[in-house]
Structure formats: structure tokens, C-alpha cells
Amino acid sequence: MTDALDRIVVADSAVDAVDVGTLPPLGVVPKKMHAQVIRPDRYGDPASAFAHEVIDTPTVGRGEVLVAVMAAGVNYNNVWAARGYPVDQVATRQRRGEVEDFHVGGSDASGIVYAVGEGVDGIDIGDEVVIHPGVWDADDPWVQAGRDPMIAPSAKIWGYDTNYGSFGQFARVQAHQVMPKAAHLSWAEAAAPTLVGTTAYRMLYGWAGNTLTEGDLVLVWGGSGGLGTQACQLVKDAGGRAVAVVSDDERGAFAMKYGAIGYINRRDFNHWGVPPLVDDTAGQKEWTAGVRAFGKRLWEIAGSREDPAIVFEHPGAATVPTSIFVCQPGGMVVICAGTAGFDAMVDLRYHWTRQKRLQGSHGTNDEQALAYNQLVIEGRIDPCVGRVLPMDDIALSHAQMGRGEEVFGNTVHLIGASGPEEGRSADWPRPRPTAGN
Ligand code: NAP
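Quick note: to get the working numbering, add 5 to the position in the sequence shown (first position is 1).
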């Protein structure tokens, strides 16, 4: 637990925000709110990049919704935002004409709708919701043409590319991001899985020709992490077999709890990173021995000499050569990140002769998010809550995530919720704030 008082910065003396852990009357939006804020002069270690500030509550425009955040989920994207690398999000937005000189991140939320903008239909004040992270301009010609909006030039990730994510008391979202909260989940549980779950869903179901099918063997990197635990569950739910890759036995056991049929400890191998050049015969021999041993371990878990139909990738530079090597002919390595580095190498001999697919994937569209959320509502996917922490530990959780610590499911911070159990159907309907004027 960090000393929250050390990081409190009151940005304006005219503070009329409500306390964290409480809510104003339903539909009454305070002028100010508490938030964990990143500013460019603090970019660097997430431990010091975030600070507790009281800032103006955002207003909503056409097609937008203001959500009182009950709990906020942690994702790796705000480790990047805190570092200001590889993208300086504040500077990028200012170049687009936005005035704010700060970033309120957070791409996962459960909460209550407090205001709706002009032109919003089907969403009412008081609705209990979760938010998916895909954002785009409704008038983007790509979107207008009916194409996948997450590939549109205007596509962004809410609470990473955009401001006013879930690390403040009120989040500003586009109406199409709003989805019903599963009644059986607490606020904390509901806030945990949506970004990683919808990303995993798109990776596994979004790429025609290589979509997840019953019986598929799927290799899942980081099997105990946020993405990994969702991928393992989605694979199991589809009747497939996920094999997790992890860095210790405790993480392996965690991945198996969430559906993996077995795990590989990557510390048992050392062929990681960019392989030796193709004409370095001795180096190639050594690397090939390493990757073959890894593949053999995978076969042992699968119980046959079967290669994975899908490799679920996100470490990137350290692992892509292995992923391409072990992937089944005609199979797909689908990748959504480069946590271990961006400059991955592909040995094209294995890529083209075996006709494998290296597919980038990012975020989610509405259809995929709703399909994933339905699985959560039906109780088929567990949100995999790792830890539930107070709002003022947001810096701590991101610093730990950046160091690769505490990698068990999804970390959640309480914002408006008073405790980790609040919000589930047992106490449903929860004592609501009474309506304001
Ligand atoms: P996480 O919970 O912190 O998990 C990261 C996992 O990566 C860990 O489980 C770790 O597993 C594994 N890992 C770390 N270094 C590795 C290495 N050198 N080799 C192999 N595995 C390594 O993070 P997450 O939420 O799953 O997110 C993972 C990445 O995906 C982040 O970079 C995030 O920004 C990105 N992401 C992208 C999207 C998108 O839409 N594009 C969406 C969600 C997440 P072990 O150490 O146990 O092997």
C-alpha cells in the first residue's frame, strides 16, 4: 500500500467533488472530480507518473455518455501512457486540437450512467454498465462505408489514446461503447475483463479463415496474465485446447485454473529474441535445437505431434520467431502487442513455405465486444480478478505491471464502489443514490 497523501495534488481551490467511494445523487454531476492523472512532466516510472488530483469533470457532447466509475480495471496500455513512450499521448492529442495538458487513463470500467449527450438512444441515466475500449469517429468514411471500425483511420483505444478514461470519478465514452453489466458480478469483477477479453475475442474470432474452432490447439503466451487468462477461457469455451506459456509454476497453475490443458515454463528454454542470421550455421543449429525442444514440450502436452492452429501472441520480439516456427501450416500467429520489444524477426522460410499467417489485431469492434460481454453475462467467462485495490494505488499497480510483477489475472481499483463485493446480484438492486434535481 502506498501513502496516498504523498500524491494528493489539489489542482483548484474550488473543489466540490464528492469523496472517492461515494456517489453524488443520481444524475447530478459535480463540477470537479478526483482522478489519477498523468502529466508530461511526470512521464517515466508509473510509480511517479500518476498523481491524485482534483480536476474539472468532463462534459459530454453529441453521441457521448458520462459514466460514474464504480471500479476501474488496469491494463498495460497505461504503463505505456505513464512512460510517455512509445507515444506521448498528451502531445498527440494536443496536435489534434485538444486543450487538456494531462491524461486520465483507464480503459476498463464498471459504472452508472450519470449523463447522456444529444442523439444518444437506448441508454438512460441510472443504467449499470461496462465499457468496451473501441472508439472511432462516426463520420469517418471508413466507418460510414460499413467496414470494420476498429481498422478505420479514426480508431482509438478509450482511456489510452483518448482522455477521461476510468481512472477518474467520471468517464466520458461514446454511446456505442456502453454495454450491460453482468448482474452476478460485483463492480470490481465487472470492471476487470472487458479490454483484455474483447481483445482476445477479436484475436481468436476476428480473422476469417483462421477463427477458433472446436478441437483447435492454441498456444497462449503469458497464460496467467490479463490477456492470457481470457484467451485460455475462450479457447476452452469453444471446445479447443489452450497450452499456456508462463515463467513459473505458480503462473502455470493459474493458467490451468482458467482452462489451459497444460503449460510450458519459458525459463526452461533460452532461444529467445532475434535468432542468429540464416548463414550463421552453428548459431542456427543451436537456435533450431532450442525451438524444437520447445515444440516437443508442446507436443508432449498436446499428447500428439500436433502443432497449434493459432498462436496467441503479445510478447513480440522475444517470442515471434518461436511462434512462427511452431505454428501449424496454414495456421495463424495473431499478435496484439510487443511487450518484450517491437522489432521482431520472421524467418520467411517457415513463413511462406508453410503458408502461415502473421496477423495484427487491435482492440475490438462493437459486435465482437457484445459477443464477448454476452459470454460474461452467461457466466461462461470468469473476469479473473487478481487484486482489488484502492484508487490511490493506481500508480503502484502500473509500476508493478511494468516490472512484470503480480501477473495473475486483472487488477482492479475501486473508485465509486465502497468495497470489492458491492454490486453483485445478492445485493441487487444496490442502494441507489436518490435522484437529484
Ligand atoms: P499482463 O497481464 O501484464 O501479462 C503480460 C504477460 O506477458 C505476462 O503474463 C508474462 O508472462 C508475459 N511476458 C512478459 N515478458 C515476456 C517475455 N519476454 N516472453 C514471453 N512472455 C512474456 O499484460 P496483458 O494485459 O496480458 O497485456 C499484454 C500485452 O498486450 C501488453 O503489452 C498490452 O499493452 C497488450 N495489449 C494490447 C491490446 C490491443 O488491443 N492491442 C489489448 C490488450 C493488451 P510470463 O512472464 O509468465 O511468461
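Just so you know, even glycine gets a beta-carbon here, dropped at the ideal spot from N, CA and C.
Note that the coordinates shown come from a computational prediction; the quantities given were computed from them, not determined experimentally.
Please list, in chain order, all residues of the same chain as residue i whose beta carbon is under 7 Å from its beta carbon, the five residues on each side excluded.
| i | result |
| --- | --- |
| His367 | Met155 and Cys341 |
| Gly384 | His189 |
| Asp254 | Asn270 |
| Glu219 | Ala243, Gly244 and Gly245 |
| Gly170 | Val109, Gly110, Gly111, Ser112, Trp163, Gly164 and Ala176 |
| Lys241 | Ala247 and Gly264 |
| Lys186 | Ser115, Glu133, Val134, Val135 and Ala195 |
Keeping to the same chain, check which residues put their C-beta closer than 6 Å to that of residue i; ignore five residues upstream and five downstream.
| i | result |
| --- | --- |
| Tyr140 | It should be noted that the sequence gives Val, not Tyr, for residue 140. Lys161, Trp163, Thr167 and Gln179, listed in sequence order. |
| Asp5 | This structure leaves residue 5 out entirely; the chain is present only between 6 and 442. |
| Gly295 | Phe274 and His276 |
| Met38 | Ala22, Thr62, Gly173, Gln174 and Phe175 |
| Val412 | Ser229 and Gly230 |
| Val316 | Leu224, Ser328, Cys332 and Val338 |
| Thr234 | Tyr263, Cys389 and Gly414 |
Beta-carbon separation of residue i and residue j under 8 Å?
| i | j | result |
| --- | --- | --- |
| Val331 | Gly300 | yes |
| Gly245 | Asp221 | yes |
| Trp192 | Ala323 | no |
| Pro198 | Asn415 | yes |
| Ala205 | Gly228 | no |
| Val251 | Leu224 | no |
| Arg88 | Tyr48 | yes |
| Met406 | Val84 | yes |
| Leu71 | Val65 | yes |
| Gln182 | His137 | yes |
| Asn82 | Ser112 | yes |
| Pro280 | Pro326 | yes |
| Arg67 | Glu123 | yes |
| Pro51 | His403 | yes |
| Gln238 | Tyr210 | no |
| Gly116 | Val134 | yes |
| Ile399 | Phe55 | yes |
| Arg359 | Pro334 | yes |
| Gly131 | Leu28 | no |
Check residue i in the structure and name its three-state DSSP category.
| i | result |
| --- | --- |
| Tyr165 | coil |
| Lys36 | coil |
| Phe4 | Here the chain covers residues 6 to 442 and nothing more, so residue 4 does not appear. |
| His137 | coil |
| Leu303 | helix |
| Ile13 | Caution is warranted here: a pLDDT of 38 is assigned to Ile13, below 50, making its placement in the model unreliable, and the coordinate value is therefore given only provisionally. Ile13: strand per DSSP, three-state reduction. |
| Gly226 | One point to set straight first is that residue 226 is Trp, not Gly, in the sequence displayed. Three-state result, Trp226: strand. |
| Cys341 | coil |
| Ser115 | strand |
| Pro185 | strand |
| Ala4 | In the structure as shown, the chain starts at 6 and stops at 442, and residue 4 therefore has no counterpart that could be examined. |
| Val121 | strand |
| Glu311 | coil |
| Asp197 | For clarity, residue 197 is Ala in the given sequence; the question names Asp instead. Ala197 falls in the coil class under three-state DSSP. |
| Ile128 | coil |
| Phe330 | helix |
| Gln235 | helix |
| Trp433 | Unreliable placement is indicated for Trp433, whose pLDDT of 44 sits below 50; no coordinate value is reported for it. |
| Gln94 | helix |
Leaving out the 5 sequence neighbours to the left and right, which residues in its chain are closer than 8 Å to residue i when beta-carbon positions are compared?
| i | result |
| --- | --- |
| Phe347 | Pro91, Gly321 and Ala322 |
| Gly424 | none |
Output yes if chain B places a C-beta closer than 8 Å to the C-beta of residue i; else output no.
| i | result |
| --- | --- |
| Leu190 | Chain labels in this structure do not include chain B; a single protein chain is all it has. |
Hey, which unbroken runs of the beta strand (DSSP E) at 3 residues or more fall wholly within the segment 378 to 431? Annotation: the segment 378 to 431 contains the following complete segments of the beta strand (DSSP E) (minimum length 3 residues), in chain order: 390 to 395 and 415 to 419.
In chain order, what are the residue ranges of uninterrupted alpha helix (DSSP H) at least 4 long that sit wholly in the segment 60 to 91? Runs found: 82 to 88.
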